[in-house]
Amino acid sequence: MNPLKDLRTSLPRLAFMAACALLSATLPDLAQAGGGLQRVNHFMASIVVVLRGASVATVTIAIIWAGYKLLFRHADVLDVVRVVLAGLLIGASAEIARYLLT
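With mature numbering (1 follows the signal peptide of the UniProt record, and there is no 0) as the guide, the letters of the sequence shown map in order to residues -33 to -1, 1 to 69.
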């Protein structure tokens, strides 16, 4: 094997890798996929806004239902606690999503 021939074939590869490293160091926007990450962040933030709105409605409905059952149906407190806890868990989903995003 001729070592000079191996050097000649690896030299273009080395130059290409050096050019890519230089471009990625000087133009970091190319390495970040041209703003695609911002679109994903915006999409996830809009999901969090929808979840927050739904959580307020869910907790409100659960508390209204529990109050109705306790006042007019004379339900046992343990029956009502399950619904209230489920409503609170669903209501906390927006905050759990916000925690996971930050």
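Backbone N, C-alpha and C fix where the C-beta goes; we use that ideal spot for every residue, glycine too.
For residue 46, the secondary structure class from DSSP, reduced to helix, strand or coil, is helix. In the displayed model, residue 40 falls within coil according to three-state DSSP, outside both helix and strand. For residue 55, the CB contacts under 7 Å within the same chain, skipping 5 residues up- and downstream, are 26 in chain order. Residues of the same chain with a CB within less than 6 Å of the CB of residue 65, apart from the 5 flanking positions on each side, are 15 in chain order. Counting along the chain, residue 61 sits inside the alpha helix (DSSP H) bounded by residues 60 to 68. The stretch 46 to 54 makes contact with the stretch 20 to 34, as at least three CB pairs between them are under 8 Å.
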